[in-house]
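Note sheet for the following structure.
There are 2 protein chains.
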Amino acid sequence: MTTRLLLLGAGRSASSLLQYLLRHAPTEKWFLTVADVSPAHLAPVLAAHSEYARAVPFSTDDEALLEEMVEQADIVISMLPAPLHPLVARACVRHGRHLATASYVSPEIRALHDDATAAGVTLLMECGLDPGLDHMSAMRAIEHIRARGGVITSFKSYCGGLLAPAAEENNPWKYKFTWNPRNVVLAGQSTAKYLENGHLRFIPYQQLFARTERLAVPGYGEFEGYANRDSLSYRAPYGLAHIPTILRGTLRRPGYCAAWHALVRLGLTDDSVNLDNPETMTWAELVAAYLPVPPLPGLDLPTRLATYLGLEPESEEMGRLNWLGLFSNRPVGHARATPAQLLERLLSEKWQLQPHDHDLIVMQHLFEFELGGTTHRLTSSLAVVGDDATHTGMAKTVGLPLGMAVRRLARGEMGQRGVLIPVGADLYEPILNELAVEYGIRFTEEER
Amino acid sequence: MTTRLLLLGAGRSASSLLQYLLRHAPTEKWFLTVADVSPAHLAPVLAAHSEYARAVPFSTDDEALLEEMVEQADIVISMLPAPLHPLVARACVRHGRHLATASYVSPEIRALHDDATAAGVTLLMECGLDPGLDHMSAMRAIEHIRARGGVITSFKSYCGGLLAPAAEENNPWKYKFTWNPRNVVLAGQSTAKYLENGHLRFIPYQQLFARTERLAVPGYGEFEGYANRDSLSYRAPYGLAHIPTILRGTLRRPGYCAAWHALVRLGLTDDSVNLDNPETMTWAELVAAYLPVPPLPGLDLPTRLATYLGLEPESEEMGRLNWLGLFSNRPVGHARATPAQLLERLLSEKWQLQPHDHDLIVMQHLFEFELGGTTHRLTSSLAVVGDDATHTGMAKTVGLPLGMAVRRLARGEMGQRGVLIPVGADLYEPILNELAVEYGIRFTEEER
């Protein structure tokens, strides 16, 4: 019997997911409907697969069509923006269809748990990279440690979407956008909270990018990590209620955070104020508008900024700011904008991924545990380089775990109903094995 | 013929307004209905005025009663929280009743302008202290300068709700709450924008309390002012579209801002994160949770904080923080709160106005204008000390201008309809004169 799959949203980040679904459709007896706002780009991809795949145009405001498509599917896979997922999930519960996404469980999704369970529906969330592969790989390591009798005292986990070395060249930030630029600009705009040696720890936004931790991934060099907003919420799903130290963070190449810290301190990441600026205001004028009126006339802008921020004029941080064009006479190009909007506009050009660039996904878990009277340290690391501009590391690590989870669902190998995330071995073991064997996406472990 | 006045909300801040309305009700032929959520406290006040005043219980969620009361009034005066004013204003427009408030014109109120005009209704907003008396006094000064042929090149205007000297004793902040504590804790949490010598100027929140200006009010000593969020929006209503320098700010006693800046930098004014803290966490533990782990063990908390913030351990700033009890073993007393909520809780006790305390309202406008080839400087200052704990400076300066505006409206001396603020001489001249002659609330001017 054919299983009907409905994929909602097939933009660039869904490329590897789509490839995976098409690869397995004939043998798994799937019929795949791909619903996308502009399905024209899918024609060449689907041409060779017309027996078991078709594309349909779908605008997310067409709720009637959504309802109809969900009703006609067995499993719905959504790559739509996360705010649309409650709408999709409610339709799935109404029609008794399973749902799989790579988005966080929101309070609205969580509220559907009982209804979904009663309807015999699985709402499988957080099944991409981060969230997704982070849960799977962390839980496998945690279970291995527990099986040996170890007691985990510290868990730190970092992830970042970065660049393969060649794409980092001629870019002192060693960073380009491989994900939503707005999210990168607004990252961390709240107090970060985590646990250290049993004590709650807080880092306000203004200090976040100044308090980083260095780490190394074998074969890929050095990185620095800054703390994510809420590390505490991971204790319950991971079964680590009493762990003394837990921290989750985001990875960048060394130096990025100190320079970003300068942008934060200057005020350029604020998204709460309309600056009433003209479109013709230059970047140099914008930066100057943030500086106190100089006591000594005649100092140039970079020198004034360096003095204001307590940086050396020739420092790497100042070099990165200059590379962005902050001291240039180029217009900001957008009237009556927030500083964050102007910065995003500038960065979208400076940090644009080029067709020949390869991205790099890095994830590292660092555990400390007590076993046999001694403290053990286990590091589990993953690095995934993108194949090309279509099958990026991001597309692969988000899409493949999601596709593999759908395969388990379609085979009836997942009995749990209601709202789930992939923290159970029945789901993560086959997925982690398939990622390693079929795609070479494997974590390397070091223990000492 | 009797004019029916409806006063919505008669809490403590309405004391002077109510006294003013009762004083003039017999001679002006008003009948006053005071609608309040708990009108019991009004009985002794209204007892001697029962011929022309009554109190009725009114809960703001009783929209039917609101509708009925508005219909039965000629003029509605609202001291309700500002978010309720669109509801009240729409009822006024429906029934053809005038409205007077001390709250800002919100976008929702502004949208009622055409309907109000068509209905022959005046929605008089911003008629208290700030906004209110600031508009009136600034516009009078601006018109005087213009009448002399002066061209205004700079306008800075500051206001603050502070303490009379005796109430400042034994309090290094020289500040207590005379207004909404939450607003004080969250003050300035956005980028401030103003104009200086024709250039846009921005101050991010993290620098706001470090970039203050000193000023003096004759007879009342020194103050420091920090910039308000949006000074640019005052250009249009004041007819100062092309002014090179305009700044509005808030006044504190010298030293307050530097110490508040330390709280901001530490992260204690953030209202965007739930700290997941237990109720029993102590203030010392909370502060320690924000500090990096010390490189040297054994340093005490105040020394660690001073080092972190770059302050001298014996500095005035550290003295103010210590006076608040930030290094004490006292519990924060509120589980799972934001830092701002915890700080407000602490300050509400430390900065509580005592029954014998007198408050002090200070306002100062600083003008520069070109006249006869030279630059003139005009300073216009106001200081109002509260009579007692009921008729505070705040209650007087908010309530009296509002009451006087209502008196003009009731007499038919205001012909303008639609949404208005008191920037016209027909309104501000009689009010400023009455404030000076009847209450001694007068601005003193100095020109050089």
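Top to bottom, those sequences are chains A and B. The first sequence begins at 1243 in the working numbering and counts up one residue at a time. The second sequence begins at 1243 in the working numbering and counts up one residue at a time. Just so it is clear, CB atoms sit at the ideal spot from N, CA and C, and this is done for glycine as well. Fair warning: this is a prediction, and the values are worked out from it, not measured in the lab.
Can you pull out the residues from the stretch 1431-1443 of chain B whose beta carbon lies closer than 9 Å to at least one beta carbon of chain A?
For the stretch 1431-1443 of chain B, the residues whose beta carbon sits under 9 Å from a beta carbon of chain A are, in order, 1431, 1432, 1433, 1434, 1435, 1438, 1439, 1441, 1442 and 1443.
Against chain A, with Cβ distances strictly below 8 Å, would residue 1204 of chain B count as a contact?
Only positions 1243 to 1690 of chain B appear in this structure, which leaves residue 1204 of chain B out of reach.
Whole-angstrom C-beta distance between residue 1658 of chain B and residue 1364 of chain B, which should lie under 8 Å
7 Å
Chain B residues whose Cβ lies nearer than 9 Å to that of residue 1668 of chain A:
Correct list: empty, because the minimum Cβ distance to chain B is about 31 Å.
Between A:1687, A:1653 and A:1686, which lies nearest to residue 1340 of chain A when the distance is taken from Cα to Cα?
A:1653
Taking the runs of the beta strand (DSSP E) that are 3 residues or longer, which of them lie wholly in the stretch 1271-1298 of chain B?
1272-1278
Please report the distance separating the alpha-carbon of residue 1374 of chain A from that of residue 1575 of chain B.
37 Å
Per DSSP, which one or two residues make a beta bridge with residue 1464 of chain B?
B:1458
Through-space distance from residue 1450 of chain B to residue 1640 of chain A, alpha-carbon basis
Cα to Cα, the separation comes out at about 42 Å.
In this structure, how does DSSP classify residue 1581 of chain A when only helix, strand and coil are distinguished?
helix
Would you mind stating whether residue 1607 of chain A and residue 1396 of chain A have Cβ atoms separated by less than 8 Å?
no
Using a C-beta to C-beta distance shorter than 8 Å, which residues of chain B count as neighbours of residue 1474 of chain A?
At a C-beta separation below 8 Å, residue 1474 of chain A has these neighbours in chain B: 1518.
If you follow the alpha helix (DSSP H) that residue 1625 of chain B is in, where does it begin and where does it stop?
Premise fails: residue 1625 of chain B lies in the beta strand (DSSP E), 1616-1627, not in any alpha helix (DSSP H).
For residue 1561 of chain A and residue 1569 of chain A, the rounded distance between their alpha carbons
11 Å
Are the beta-carbon atoms belonging to residue 1418 of chain A and residue 1409 of chain A less than 8 Å from one another?
yes
Going along chain D, which residues have a C-beta under 9 Å from residue 1581 of chain B?
Annotation note: the requested chain D is absent from the structure, which comprises protein chains A and B.
For the putative contact between residue 1308 of chain A and residue 1297 of chain A, defined by C-beta atoms under 8 Å, what is the C-beta separation to the nearest angstrom?
Under the criterion of beta carbons closer than 8 Å, residue 1308 of chain A and residue 1297 of chain A do not qualify as touching, at roughly 16 Å.
What do you reckon, are the CB atoms on residue 1605 of chain A and residue 1624 of chain A nearer than 8 Å?
yes
Count the other C-beta atoms from every protein chain shown that fall within 10 angstroms of the C-beta of residue 1353 of chain A, then say buried if there are 16 or more, exposed otherwise.
exposed
Starting from residue 1498 of chain B, follow the alpha helix (DSSP H) in both directions and report where the run begins and ends.
That run of the alpha helix (DSSP H) goes 1498-1508.
Going along the chain, which residues of the stretch 1479-1503 of chain B sit with their C-beta nearer than 9 Å to a C-beta in chain A?
none
For a cutoff of 8 Å on Cβ pairs, would you count residue 1407 of chain A as touching chain B?
Residue 1407 of chain A is outside the set of residues whose beta carbon lies under 8 Å from a beta carbon in chain B.
List the DSSP bridge partners of residue 1266 of chain B.
Under DSSP, residue 1266 of chain B shares a beta bridge with no residue.
Going by beta-carbon coordinates alone, are residue 1439 of chain A and residue 1487 of chain A separated by less than 8 Å?
yes
Among all the DSSP beta bridges, which residues are the ones paired with residue 1605 of chain B?
Beta-bridge annotation (DSSP): residue 1605 of chain B is paired with B:1401 and B:1624.
Taking 8 Å as the threshold (beta carbon to beta carbon), is residue 1509 of chain B in contact with chain A?
yes
Quick one, which of A:1683, A:1662, A:1616 and A:1515 has its alpha-carbon nearest residue 1473 of chain B's?
Each of A:1683, A:1662, A:1616 and A:1515 was checked against the Cα of residue 1473 of chain B, and the nearest Cα belongs to A:1515.
Whether residue 1504 of chain B touches residue 1553 of chain B by CB criterion (8 Å):
yes
Where does residue 1473 of chain B fall in DSSP's three states?
coil
Just reading off the beta strand (DSSP E) that residue 1340 of chain B is part of, what are its end residues?
1340-1343
List the DSSP bridge partners of residue 1320 of chain B.
B:1250 and B:1343
Of the listed residues A:1259, A:1528, A:1370 and A:1523, nearest to residue 1511 of chain A (C-alpha basis)
A:1528
Spatially closest choice to residue 1509 of chain A from A:1687, A:1401, A:1584 and A:1668, by CA coordinates
Selected option, being the one with the closest Cα: A:1584.
Under a CB-based cut-off of 8 Å, is residue 1542 of chain A close to chain B?
no
Please identify the residue among A:1336, A:1687 and A:1662 whose C-alpha is closest to the C-alpha of residue 1347 of chain A.
With respect to the C-alpha of residue 1347 of chain A, the residue from A:1336, A:1687 and A:1662 having the closest C-alpha is A:1662.
Buried or exposed by the 16-neighbour rule on C-beta atoms within 10 Å, applied to residue 1580 of chain A
buried
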